[in-house]
Each structure stands twice: as C-alpha cells, then as structure tokens.
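Peer 1:
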Amino acid sequence: MVANPLQLIPLGGLGEFGLNMMAIRYGDDIVVVDCGLMFPEPELLGIDIVVPDVSYLVENRAHLRGILLTHAHEDHIGALPFVIEDLNVPLYGTEFTLALVESKFSEHGLLDSTHRHVVRELEPFTLGPFSIEYIHVTHSIVGACAIAITTPAGVVIHTGDFKIDPTPGDNIPFDLHTFAAYGKRGVLALLSDSTNVDRRGYTASELAVRDRFDDLFAGAGDGRLFICCFTSSIHRIQLAVEMAEAYGRKVCFLGRSMENNTAIAHRLDFLHLPDGILIRPQDLRSFPRDQVTVVISGSQAEPMSALARASVKNHKFAEISPGDTVVLSSRIIPGNERAIYRMINHLFKLGARVVYDTDQYPPVHVSGHASQEELKLMASLVRPRHFIPVHGEFRQLSLHAQLVRSLRIPKLEAHVVEDGDVLELDQTGLWRTGTVATGRVFIDSGSQDEVAEDLIVRDRRHLAEDGIVLPILAINKASGRVQNEPEIITSGFVSPVLADGLLARARQLVTESVAAAGREESGDWSLIKERIRRDLKRYLQAETNKRPLILPVILEV
188 MVANPLQLIP LGGLGEFGLN MMAIRYGDDI VVVDCGLMFP EPELLGIDIV VPDVSYLVEN
248 RAHLRGILLT HAHEDHIGAL PFVIEDLNVP LYGTEFTLAL VESKFSEHGL LDSTHRHVVR
308 ELEPFTLGPF SIEYIHVTHS IVGACAIAIT TPAGVVIHTG DFKIDPTPGD NIPFDLHTFA
368 AYGKRGVLAL LSDSTNVDRR GYTASELAVR DRFDDLFAGA GDGRLFICCF TSSIHRIQLA
428 VEMAEAYGRK VCFLGRSMEN NTAIAHRLDF LHLPDGILIR PQDLRSFPRD QVTVVISGSQ
488 AEPMSALARA SVKNHKFAEI SPGDTVVLSS RIIPGNERAI YRMINHLFKL GARVVYDTDQ
548 YPPVHVSGHA SQEELKLMAS LVRPRHFIPV HGEFRQLSLH AQLVRSLRIP KLEAHVVEDG
608 DVLELDQTGL WRTGTVATGR VFIDSGSQDE VAEDLIVRDR RHLAEDGIVL PILAINKASG
668 RVQNEPEIIT SGFVSPVLAD GLLARARQLV TESVAAAGRE ESGDWSLIKE RIRRDLKRYL
728 QAETNKRPLI LPVILEV
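Encoded structure:
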C-alpha cells in the first residue's frame, strides 16, 4: 500500500517556452528536473534574462534532494547561476551538461556553490525514496537524456527535449528499448516535450544537413565560408569541421561562447579536430579566403555577438567581403525575427551570399524536437496511466494531449496543467489539490540583481516611450517658498516647437504646487516632490497624452 501520494509541481515551462522546471515530491522528499531561463520580450527594457520564481523550493530547501538536468540548453540550465546559492542542492547530469554548467558557474564565481555529480546512462542511483535512471535520447546537443524516476507510488518519465533520429550526428541511437521496457513494467506518468506537436510526420534527421553542407562547401568558390549555429550544437559544428577538412579549408572558431563550448567538447572528446585544422582568429588574414571556414556565434543576432558585429564591420577579426558565403544553420527563435533579418540585410549589403533556414531541401538546419509521429511513438512505447504534455505554450500542450488521446491507449488519461498546479496522482486518478507561488524573476545582468518589474521596468518603459521631465526648483529652507522661477529640463518628451508654451505653464504649475502645500507637508521634501509629480503628471498627460518619467529636484537655499 502506498503511504504517500506522488506530487508533481510544475514551476516553469508550461504555457511558455523557457523556464523549464518541474518538482517531483514524494512525502517529505523533492527532486527537481531542470532549471531553465527565458529570454525577455522586447518590452522588458534593460532586462537580459528571466528566471523562474523558486520561492516554493526555498521554503522547502530542507526537503530538496537534488536537481536533475536533462541537457545543457539554456532553457533547461540557464537559471542555475541565479538560484543555486538560495537552494544549495546537488546537481546531476551527463558529462557535457555538467561541463557547461561548471563553465557558467566559473563566470559567476560559483564553482564552490554546490556538489555536481556526473551521471551515466542506464546506471540507476538513489536520492531518498527516488531511484533515478538516465535514458539516452537524440536531440540537437550532446548528452541529452530522458529521466525515469521510480517512486513507491510509481514511475515518472520526463522525456526532456528529444526527437527520434535514426541517423544522429554521433551515431548513438535513440534508446527505444529502455522506454519500451518501462512501458511493459508500467509507468504512472509520462511528461513529454510538446515543441513540435503541430508538425506532421517525422522531424528530419541530422544526416539531412550533410548533403546541404556538401553543396554549400562545393559552391563557396574563392570566398570565405562562415557557418553560424547554436554554440551548443556540437554535432553541427563537427559536421562543419569534417566538411572543411574534405574541401581543404582550415577552421576558425569565433565568438566567446563558440570558442568556450568547442574547447569543452574537444577536451571531453565529443568534438574531434584533425591535426593542424584549427587556426586562431588573429591568424585569419594569413590564409587565402578560399582556404578558411569560420564557425561563428550569433545565430540569433545578439547585439554583441560575433556575427552581428561582423555584419556591420565592427569585429576585429571577422571581415566579411563580397564573394563570401554566410550560412545561418539554426532556427529563428520567436521574438528574434526583426534582429535576425536586420543582420541578414547587413550581410547582403556587404556583398555576401547568405543562406538561411527556408523550406528548401536538403535543409540547412533541422529541428531537435519530435514531430507528431515521434510523439505518438513515445506515448505508445511508454503507455502511461497519466500523460502530461510539457515544454510548450498552452496551444502546444492542448494539441499534444489531443494527439495522445487519439491513440486510445487503455486507461491513459491526458491532462493539460499549468505552472504552479499541485498535482497528486496514483493509479486511480489525478487531482489538483492546490497551487504554489510561481512566476518570473527579471535579471539585469549588468548588476546580476533581481529586478522588480513594477518599479524599474515600468520606469524604463516610460523613459523609452515618453521621455523624462526634470523640474528643478530652489526652495528657501526657512520660509518654504520657491526662490526663483523653477527650471524644467526634458529629454525625449516633446519637440522644441511645442515645448515653450507647454513648459511655461508647467513651471507656473510647479510654483503653485509648492505654494498650495499644507503645513504638514512644508519642510518634508519627499511629500513636496510627490505633490509636484502628481500635479505635473495630470497636466502633461492632459496636454500631450504622454506619461513621461517625472523626477523633481529640490535645492535647499
């Protein structure tokens, strides 16, 4: 008889892309799967990254047994540097995954913050009441795994990100056998990647890119060949190296994250570099253009990335000239379209031939996520009692649940749940028994501090949209009266043509606000400033329909 119910508590990644984090609780013991970040929407001005609210885990820190990492993409490990000191919990993952985590921790001075344990596939280990086994899956990164968690209440399988690739870049096949074996023994819940649920058929194999790369290398002519991909896509980078060797080209890795990740992959023997093929960025000009392939970072046109800077002739080593070929071997992440196409336009202006993801076949990029037939195969192999789609917006979660219901697997129930739901489940059913606090924490990486959206982000939005107004006035400390006519400085607010009449009345209004202050307000400059801000806001909004940031300055005389 099961003494305790099994709880699943999604803390991020359901109804959104990014912030992937799932807590699994049995009794007083908790393990967490993944700890990802999200990149901010454009309106979150000055915010660099978004991480999940882990207040539930902080409150239950004594019960945490570990964080299990499925793979090393940012939406699965990127939040760790910002939460690990609050949680102080061991990390578990494959060799490459933990190597990238350690690289992040090194940048943040966190190498001594927690213990890290390298996990081997199909070698179970125990954390409290949980028996945990990593299962190899194919994805667009080295070391990706699903995780099977056996509890007294039953088995939970979290697929992580996956596709079922019959010809993967590293020739290590998807472990269908182990999934089927779990299905035969019985699985309580399957949590499955929903990213590509709206794509019919199967996701193309990594092998499909090889034919396109062959064509591109053959047609590169006398120019340099730039290959831009995600810096964690080691299989794609390995393909570029192999093609460069076949066509007699040297290889240069360019961009901080590209150089860092390839060095890690080479050290761990996941990336194989023929002797003498690698050249340093500073040596690029020493080789004829038709003898060089540059593997460069910046696939999402990040402002300071190597390719974005090279596209505007602002990179020390990457010079793009007419006749060069630039290949964007990556997908466009939603929200980055404008920046990427702006960068592509710059590359065309430089005279480069630009190749990017289109519907052409063979493709220049293939997805790392399963399409409908692979998702159906996964559910059919595991045959869970409860199916819970994860990793997607609400639309994808709903479509995935519908897809799996259509298989009519006996006793299977599919559930669409949301972040913060507390789910209790057993073989008889699944119940929502409550909620926990979830949400988004905004990080300004310039300060490495959390940012309160209602304050800093709101002010930044006002600055960007409506400018700033600085009323400056001198007040006699003894009498509390304004000494001279106030001065008002503006920036980004209204044009000089409109400013004269508008600001004349605003100066008069500032003087009137101070004069109208009651006895309890006199001498309390914070109250006077708030009165000025309130009166000016009402006036300026009525006259201009704008809401600038208003910062009164009082000088005592």
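So for the sequence shown, the numbering used here puts the first residue at 188; every next one is plus one.
Just so you know, even glycine gets a beta-carbon here, dropped at the ideal spot from N, CA and C.
All values derive from a computational prediction rather than experimental measurement.
Bridge partners of Phe440, per DSSP?
Peer 2: Val482
Peer 1: Tell me the DSSP secondary structure of Phe417 in three-state form.
Peer 2: Phe417: coil per DSSP, three-state reduction.
Peer 1: Would DSSP call Pro576 helix, strand or coil?
Peer 2: strand
Peer 1: Span of the alpha helix (DSSP H) holding Tyr243?
Peer 2: Unbroken alpha helix (DSSP H) run through Tyr243: 242–246.
Peer 1: If Phe378 and Thr337 are in contact, beta carbons under 8 Å, what's the gap, nearest whole angstrom?
Peer 2: According to the sequence as given, residue 378 is Leu; it is not Phe. Contact flag wrong, Cβ pair sits at about 15 Å.
Peer 1: Within the same chain, show all residues whose beta-carbon is closer than 6 Å to that of Val209, passing over the 5 residues directly before and after it, in chain order.
Peer 2: According to the sequence shown, residue 209 is Met rather than Val. Within the same chain, Met209 has close Cβ partners Pro197, Val220.
Peer 1: Using 10 angstroms around the beta-carbon of Ser486, count the other beta-carbons present and answer buried if the total reaches 16, otherwise exposed.
Peer 2: buried
Peer 1: What does the alpha-carbon distance come out to for the pair His364 and Glu320?
Peer 2: 14 Å
Peer 1: From which residue to which residue does the beta strand (DSSP E) around Asp273 run?
Peer 2: No beta strand (DSSP E) holds Asp273; the alpha helix (DSSP H) holding it covers 267–274.
Peer 1: In this structure, does DSSP put His304 in helix, strand or coil?
Peer 2: strand
Peer 1: Going straight from the alpha carbon of Gly373 to that of Ser567, what length do you get?
Peer 2: 12 Å
Peer 1: Let me confirm a value: Ile328 is counted as buried when at least 16 other C-beta atoms fall within 10 Å, else exposed. Which label applies?
Peer 2: buried
Peer 1: For the beta strand (DSSP E) that contains Met491, what are its first and last residues?
Peer 2: First-last for Met491: undefined, no H or E at that position.
Peer 1: Consult DSSP for Gln194 and reduce its assignment to one of helix, strand or coil.
Peer 2: strand
Peer 1: Near Leu742, what residues of its chain come up, given a Cβ to Cβ distance below 8 Å and the 5 sequence neighbours on each side ignored?
Peer 2: Ile659, Leu660, Ala661, Ile662
Peer 1: Cβ atoms of Ala266 and Val238: under 8 Å apart, would you say?
Peer 2: yes
Peer 1: Which one of Tyr213, Leu590, Ile519 has the shortest CA to CA distance from Arg252?
Peer 2: Tyr213
Peer 1: Please go through the segment 695–734 and give each complete alpha helix (DSSP H) segment of 4 or more residues, from N-terminal end onward.
Peer 2: 712–731
Peer 1: Pull the bridge partners of Phe457 from the DSSP assignment, please.
Peer 2: None, per the DSSP bridge assignment.
Peer 1: Just the Cα atoms here: how many angstroms apart are Lys536 and Phe440?
Peer 2: 24 Å
Peer 1: For the candidate residues Ile217, Val428, Leu723, whose alpha-carbon lies nearest to that of Pro739?
Peer 2: Leu723
Peer 1: So for Tyr321, helix, strand or coil by DSSP?
Peer 2: strand
Peer 1: On the three-state DSSP scale, how would you describe Leu256?
Peer 2: coil
Peer 1: Where do the N-terminal and C-terminal ends of the beta strand (DSSP E) with Ser379 fall, by residue?
Peer 2: It spans 376–380 - the beta strand (DSSP E) in which Ser379 sits, taken as one unbroken run.
Peer 1: Counting beta carbon pairs with one atom in the segment 279–288 and one in the segment 664–673, are three or more of them shorter than 8 Å?
Peer 2: no
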